[in-house]
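This report concerns only the one structure given below.
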């Protein structure tokens, strides 16, 4: 999984 | 986006609106830990450094701007207009340990050693413990106003629901990250006593009082 995906969350 | 995350974000939004309402209506920040509010401001500023480099959606950007602006507004107002309404002598938790501990944790546990990623990770670890000065203050005074209890419930439910969201995302998308999951679990465990009193007393119309 890409760490960047988490940054879509708040 | 799934229902857990959407409700979590709405709970977070509601928590801040409840806090602003409490301060406005009672014209007082009594019972609110300034140190916790300051930690939340640091959490949102460090987490949303990607605001101008990483566009996700209008929803995402609007929420980020609101969380930074509202936490900054609350910290500013607690220092200005409402300065005389809260007692710093009750707010004695040593936040240096939280700030330092989160820094150490983010230097050890992170996915990428980059500026944005380290600050993002720092915000995740710091958020897990940012509520401690507030809980510590309430354990000293033994009580809270009902509206303050509602604020804290909404704030705690936000991260608790994010934990459910991460489990749901793992089950449906195979998406998994240990750092926010563990940090979310830590925060939810710290909240356990509060949730217990909230469900057993405040939800039944009684005052929030510690046994």
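Chains as they are written, first to last, in this note's numbering: chain A, 13 to 22; chain B, -6 to 204.
We put the beta carbon where it would ideally sit given N, CA and C, even for glycine.
It should be emphasised that the depicted structure is a prediction, and the values quoted were computed from it without experimental measurement.
Residue burial classification, residue i (beta-carbon count within 10 angstroms, cutoff 16)
i, result
"residue 275 of chain B", "Outside the displayed range of chain B (-6 to 204) lies residue 275 of chain B, so it cannot be described from this structure."
"residue 11 of chain B", "buried"
"residue 160 of chain B", "exposed"
"residue 53 of chain B", "buried"
"residue 36 of chain B", "buried"
"residue 84 of chain B", "buried"
"residue 132 of chain B", "exposed"
"residue 204 of chain B", "exposed"
"residue 158 of chain B", "buried"
Inter-residue spacing [alpha-carbon to alpha-carbon] between residue i and residue j
i, j, result
"residue 4 of chain B", "residue 100 of chain B", "30 Å"
"residue 124 of chain B", "residue 82 of chain B", "18 Å"
"residue 89 of chain B", "residue 122 of chain B", "12 Å"
"residue 116 of chain B", "residue 70 of chain B", "23 Å"
"residue 77 of chain B", "residue 22 of chain B", "9 Å"
"residue 61 of chain B", "residue 139 of chain B", "25 Å"
"residue 119 of chain B", "residue 198 of chain B", "33 Å"
"residue 74 of chain B", "residue 26 of chain B", "16 Å"
"residue 217 of chain B", "residue 162 of chain B", "Not covered by the structure: residue 217 of chain B. The range shown for chain B is -6 to 204."
"residue 17 of chain B", "residue 167 of chain B", "44 Å"
"residue 136 of chain B", "residue 126 of chain B", "14 Å"
"residue 93 of chain B", "residue 14 of chain B", "32 Å"
"residue 46 of chain B", "residue 179 of chain B", "30 Å"
"residue 134 of chain B", "residue -2 of chain B", "33 Å"
"residue 191 of chain B", "residue 201 of chain B", "7 Å"
"residue 9 of chain B", "residue 1 of chain B", "13 Å"
"residue 34 of chain B", "residue 6 of chain B", "15 Å"
"residue 68 of chain B", "residue 79 of chain B", "12 Å"
"residue 43 of chain B", "residue 181 of chain B", "26 Å"
"residue 14 of chain A", "residue 183 of chain B", "Bear in mind that the predicted position of residue 14 of chain A carries a pLDDT of just 44, short of 50, making it unreliable; the figure below should be weighed with that in mind. Looking at the two C-alpha atoms, the distance is approximately 29 Å."
"residue 55 of chain B", "residue 171 of chain B", "27 Å"
Which residues of the stretch 53 to 69 of chain B have a Cβ closer than 9 Å to any Cβ of chain A? Give them in chain order.
53, 56, 57 and 60
Does the stretch 141 to 153 of chain B come within contact of the stretch 184 to 191 of chain B, defined as at least 3 CB pairs closer than 8 Å?
Taking 8 Å as the limit for Cβ pairs, the verdict is that the stretch 184 to 191 of chain B does touch the stretch 141 to 153 of chain B.
Check each residue of the stretch -1 to 30 of chain B: if its Cβ is closer than 9 Å to any Cβ of chain A, include it; give the result in chain order.
Using a CB distance below 9 Å, the part of the stretch -1 to 30 of chain B facing chain A consists of 1, 2 and 5, ordered along the chain.
Starting from the N-terminal side, write out each stretch of the alpha helix (DSSP H) that is 4 residues or longer and does not extend beyond the stretch 49 to 110 of chain B.
51 to 72 and 88 to 101
Using a Cβ-Cβ cut-off of less than 7 Å, give me the residues of the stretch 31 to 50 of chain B that come near chain A, in sequence order.
43, 47 and 49
Output, in sequence order along the chain, the residues in the stretch 111 to 126 of chain B whose CB is closer than 7 Å to any CB in chain A.
Listed by position, the residues of the stretch 111 to 126 of chain B near chain A (Cβ gap below 7 Å) are 113.
Please give me, in chain order, every unbroken run of the alpha helix (DSSP H) with length at least 4 that falls completely inside the stretch 107 to 159 of chain B.
108 to 122 and 125 to 134
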